[in-house]
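A quick write-up on the structure given underneath.
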């Protein structure tokens, strides 16, 4: 590559000569400049190709791309001016310009062919895994799927891919590499180049990357390669009764190669952190290679000191699948059979009891992951078949042999961010549904409070086009389509008496609503936009090697670093906490207006229905008074918990860990806040359903009629005081399981709230795709 780049710059000097010719330098330079121009353009083309294949800097590639575009435009201009040039400078000038014209037109033709080309045959015919550097949207899919064959396994090569699941949408690099047919392992040789403008101008800046998208079929059995695990696959994996996952063959080979490298370095007697040295501040204590395995077992033992509540089973399962995927990257010098044993635990339902507290989020999640590692050794307690049993008993029942650790393997298992990331992924999944639930509640509040729908007019939000804000307003607007309870600004004006020369008039109707309705898209939109970049960061995290040290089997090197630092996850979760807590506050403020007869546009106080028994029951019932109190308390807790955790770094472990992320605390808090806010939304939706009953369900928008019916299928009308905690949990389940979203869309509703596989967990996307049907 270096030789090609050098020749490119060398021959580029010919361009200067050719330019000088056109500015009037002596004619004899023409014959010399012509071949230099030839070689210059050819060198640029080859250099661009080689840089894309071998991982050239993005800036260089983009510069080359734009230079080629400029050359094409120059040649087009020169072709028009050719007669003038020939006539003014003579034949020598034309000799110099002619080759440039020829190459320029050839380049334009090449570009047109690339734009129209639909397939490129494999130069090698070899099988390759579906992976693109920086593109975590790739996964093995059937040959018939539209997105198959848009990704590459060549180092740092990227496709011109405009598929929404591609992280970058393609950076316009020259197409390299091939996809794989998982059924046969053969190259499918299909490389669609959909948009030539992407090659020249780069990706559209507004392209949305959806890691919770269901636009492609779900992976029933994840094939872990450390590079292409999707967030939605993690969520579905932990919620599915079938939790089988396997290592990709490429991952097994890579893992074996780093184990071989580890053994080679051990034989040389080198000090390698955590392998032949102590841990942390004790890294200056080197031990002999024959004692390295015992060191790993001690590492597991002395970190078994977690406290606090036991993590939920789905958190631990998500931790285990994420850890397995990170190790499958093949940079951690751990044997494939250790990770395969971990996956056997998951498939058999052997789930370690992991205390939630004790991790700093750097050096990874040492304490909680030690409980996962301990179960692999046949030690500690686990959940198994509905009971808590010793790990050894569960392993014996499943005929799984305990792991005997080799050097580095204990450190590989525990020195990572997987526990933190598990909380984060599950929090984001629920927050996606929560965002839609907040928009649903806002739409119902517009009806219950006879709101002014002009606040969600497209013009308003196009004037401040944050994508999340525009999307949120669009969802609310769509849900309200066909409502007989809301008013627009024009309709309000028609109901008002003209001022007719009067100096002052008190309007019977408010021409704009309070902030909790009017600014709802600006609040929920922040949550939506936060989820966008949070998903990006988490997608990278779950497909990264997050332990230390890391082994490069290709160069035979070992590298010491700090990928265990959960800074990105911590920052993401602190931001998500704030956005979710703000949404809780929004819903609580809407609820406060809904139950207050001074502000609820004629609804009864606390939404109390008139008693069928007349005066006998009057004054005995309190409707949603207690529910509003509970919502206020829950909201306060969410707001309190939203304080950032990552700012509380503490120097520890003899000042070796003198800067830590506190990402685990941030992620746990984020999941807590999401859960709290879901309960606030559930209370609010129950009150809104009551308000709809009072206003008349037949007057509501069709989408909201379906939502009201779904709620009433689980929770009856409140006609007198009764216990409602179970009602709250019922509706909370309907939120996180997507039941209310599917009801709004007109999809079949499962009364038990079970997830219907194959339905998008991105509520914004689901609503936007069905605008016409609503």
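In the numbering used here, the protein residues as written are 39 to 812.
Positions of the beta carbon are idealized from the N, C-alpha and C atoms, including for glycine.
For residue 589, DSSP records a beta bridge to 596. For residue 479 and residue 469, the gap between their C-alpha atoms comes out near 15 Å.
Of the candidates 622, 584, 720, the residue whose Cα lies closest to the Cα of residue 607 is 584. Judged by their CB atoms, residue 733 and residue 522 are not nearer to each other than the 7 Å cut-off. Counting other Cβ atoms within 10 Å of its Cβ, residue 322 stays below 16 and is therefore classed as exposed.
Comparing alpha-carbon positions, the option among 756, 463, 645 lying closest to residue 569 turns out to be 463.
If you ignore the 5 residues before and after residue 596, its C-beta comes within less than 7 Å of the C-beta of 303, 310, 587, 589, all in its own chain and listed in chain order. In this structure, residue 305 sits away from residue 591, with a CB-CB distance that is not shorter than 7 Å. Going by DSSP, residue 347 is part of the beta strand (DSSP E) stretching over 345-348.
Taking a cut-off of 8 Å for Cβ pairs, the region 411-429 and the region 471-486 do not touch, as fewer than three such pairs fall below it. Residue 735 has its alpha-carbon roughly 22 Å from the corresponding atom of residue 776.
Look at residue 374 here: in three-state DSSP terms it is helix. Between residue 312 and residue 760, the alpha-carbon positions lie close to 60 Å from each other. Residue 524 sits away from residue 477, with the two beta carbons spaced by 7 Å or more. If the five residues before and after residue 402 are omitted, its C-beta is found closer than 7 Å to the C-beta atoms of 452, 453, 454, 455, 584, 585, 602, all from its own chain and listed in chain order.
In this model, residue 467 and residue 780 are separated by some 16 Å (Cα to Cα). Secondary-structure assignment with DSSP links residue 425 through a beta bridge to 422. Here the alpha carbon of residue 367 sits roughly 21 Å from the alpha carbon of residue 354. Leaving aside the five residues that flank residue 343 on each side, none in its chain has a CB nearer than 6 Å to its CB. For residue 493, the CB contacts under 6 Å within the same chain, skipping 5 residues up- and downstream, are 556 in chain order. Burial is judged here by how many other beta carbons sit within 10 angstroms of a residue's own beta carbon; residue 324 has fewer than 16 and is exposed.
Excluding sequence positions up to five before and after residue 346, its CB lies within less than 7 Å of the CB of 393, 394, 395, all in the same chain and listed in chain order.
Measuring C-alpha to C-alpha distances from residue 276 to each of 386, 495, 619 identifies 386 as the nearest. Residue environment: residue 329 is assigned as exposed (fewer than 16 neighbouring CB atoms within 10 Å of its CB, all protein chains considered).
With respect to the 7 Å criterion, residue 504 and residue 563 are classified as neighbours on the basis of their beta carbons. Within the DSSP secondary-structure output, residue 395 pairs in a beta bridge with 345. Residue 437 is classed as exposed because its beta carbon has fewer than 16 other beta carbons within 10 Å across all chains shown. Nearest in C-alpha terms to residue 725, of all of 341, 626, 680, 421, is 626. In the structure shown, residue 322 falls within a helical segment according to DSSP collapsed to helix, strand and coil. Burial of residue 445 is indicated by the presence of at least 16 other C-beta atoms within 10 angstroms of its C-beta. The shortest C-alpha to C-alpha distance from residue 377 to any of 487, 440, 744 is the one to 440. Of the other Cβ atoms in all chains shown, fewer than 16 fall within 10 Å of the Cβ of residue 536; this residue is therefore exposed. Of the residues assessed, residue 336 falls on the exposed side of the cut-off, its CB having fewer than 16 other CB atoms within 10 angstroms. In this structure, the beta-carbon distance from residue 418 to residue 430 does not fall below 7 Å. In this structure, the straight-line span from the alpha carbon of residue 528 to that of residue 490 is close to 10 Å. A check of alpha carbon separations from residue 263 across 744, 286, 475, 279 identifies 286 as the nearest.
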